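Novice: Quick note on our numbering: the sequence shown kicks off at 167 and runs consecutively. We put the CB at the ideal spot given by N, CA and C, even for glycine. Quick caveat, the model's predicted, so the values are computed rather than measured.
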Amino acid sequence: LGFHTSSMSAMNREGLTVNLHAHYGKNVSGSGKFVTFISDEIMSNARTLDEAIHIIKKYKRIGNWAFVIASAKDSDAAIIEVTHDQERIRYASESDGFLGHSNYFFDADLRKQEAFLSTVVTEDVLGRCSKITDLMRERSGTLEMTDLAIAMADLTDPFTGQKEVSGNTVAAITTVASMVFSPDTQELMVSARNESPTSLGPYLQFSVDRFWDSNNSAIKTIEIQDEGNEISSRSLVKSIHEYRNAYRAWH
């Protein structure tokens with residue numbers, strides 16, 4: 167999440183969702199198909215997880231990416247890590263029933279080709295994935311859409327255990343778009359927060375079928391709070407706002 171380009175994050179009528187994660191690797195090429203066009207093809211033509219994976223495998227790709235694909239019809243999900251000419255796949259059904267991912271390769275062979283900019287980046291991508299996986303494991307079997315939104319708003323650094331304005335946290339200043347899909351019910355939650363990190367909410371929740379209804383009651387506003395109440399803490403939100411202003415001024 168974080169881009170407004172078509173099919174960086176999307177859901178189709180067949181109950182498939184796709185999200186893209188950028189990766190940093192040495193196996194790159196200027197020839198091949200850009201991943202958003204592959205993702206567009208998946209959303210337009212694929213009806214199952216296998217069909218989506220088949221579309222990905224048809225092409226050489228520009229750059230290093232991961233396709234995170236879930237299928238309500240198959241009751242499964244997969245993460246397809248790709249370089250220009252390699253693919254590695256792991257399935258939710260072969261792990262704990264869920265998958266967490268951030269911007270690094272899980273596959274050992276692809277990891278050898280990885281090219282992180284610094285150890286700070288390495289720590290960040292590892293920390294975010296570790297935290298989101300722990301949060302999903304805690305809620306395994308009882309997950310609701312709001313649980314996923316709360317997880318994306320988490321501000322605890324997994325290495326220090328502290329709530330952070332900036333650190334190895336799931337929610338970050340660079341989180342500029344946030345959404346939650348429910349492909350089986352064809353529902354969507356989209357953050358309405360007007361500054362980053364957008365994952366702090368509030369969210370607008372609506373049914374795809376009723377989105378164009380003239381009745382505004384089809385859209386619900388959902389405030390995001392967790393047991394620790396850190397998301398609604400005025401002092402923390404104010405600190406995040408001030409850090410964001412400093413971040414923008416510096417850049």
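#1: Any C-beta of chain B sitting closer than 8 Å to the C-beta of Pro349?
#2: Can you tell me whether Asp375 is helix, strand or coil according to DSSP?
#3: Name the DSSP beta bridge partners of Thr183, please?
#4: Assign Arg227 to buried or exposed, taking buried as 16 or more other Cβ atoms, counted over all protein chains shown, within 10 Å of its Cβ.
#5: Smallest Cα separation from Phe283: which of Asn269, Asp275, Asp273, Ser296?
#6: Indicate the three-state DSSP secondary structure (helix, strand or coil) for Leu370 in the structure shown.
#7: When you compare only the Cα positions, how much space is there between Gly168 and Pro368?
#8: To the nearest angstrom, how far is the alpha carbon of Arg400 from that of Glu361?
#9: Mind checking who His189 pairs with in its DSSP beta bridge?
#10: Take Met318 and list the residues in its own chain whose beta-carbon comes closer than 7 Å to its own, dropping the five residues that flank it on each side.
#11: Can we say the stretch 258-267 touches the stretch 210-228, given the rule of at least three CB pairs closer than 8 Å?
#12: Taking DSSP's pairing of strands, which residues face Leu354 in a bridge?
#13: Pull up the DSSP beta-bridge partners for Glu247, would you.
#14: Considering Cα atoms alone, identify which of Leu354, Lys297, Gly181, Gly191 is closest to Ala243.
#15: Between which two residues does the beta strand (DSSP E) holding Lys404 run?
#16: So, for Thr251: in the same chain, excluding its five sequence neighbours on each side, which residues have a beta-carbon less than 6 Å away from its beta-carbon?
#17: From the DSSP output, read off the bridge partner residues of Ile385.
#18: Taking only runs of the alpha helix (DSSP H) that begin and end inside the stretch 249-301, which ones reach a length of at least 4 residues, in chain order?
#19: In whole angstroms, give me the CA-to-CA distance for Ser195 and Asp273.
#20: Taking the alpha helix (DSSP H) that Ala315 falls in, what are its first and last residues?
#21: Within the same chain, show all residues whose beta-carbon is closer than 6 Å to that of Ser296, passing over the 5 residues directly before and after it, in chain order.
Specialist: Per the coordinate set shown:
#1: The displayed structure is made up of one protein chain only, and chain B is not part of it.
#2: coil
#3: Met177, Ala236
#4: buried
#5: It should be pointed out that residue 283 corresponds to Leu in this sequence rather than to Phe. Of Asn269, Asp275, Asp273, Ser296, the residue nearest in Cα terms is Asn269.
#6: strand
#7: Any reading at Gly168 must be qualified, since the residue scores a pLDDT of 44, below 50, and its modelled position is unreliable; the value itself is stated next. So the two alpha carbons sit approximately 16 Å from each other.
#8: 15 Å
#9: Asn230
#10: Val336, Ala337, Ser344, Ser365
#11: no
#12: Phe347, Phe372
#13: Ala232, Arg254
#14: Gly181
#15: From DSSP, Lys404 is part of no beta strand (DSSP E) but of the alpha helix (DSSP H) over 400-416.
#16: The sequence shown places Asp at residue 251, not Thr. Closer than 6 Å at the Cβ level, and outside the excluded window around Asp251, lie Lys226.
#17: Phe372
#18: 274-277
#19: 20 Å
#20: 311-318
#21: Pro324
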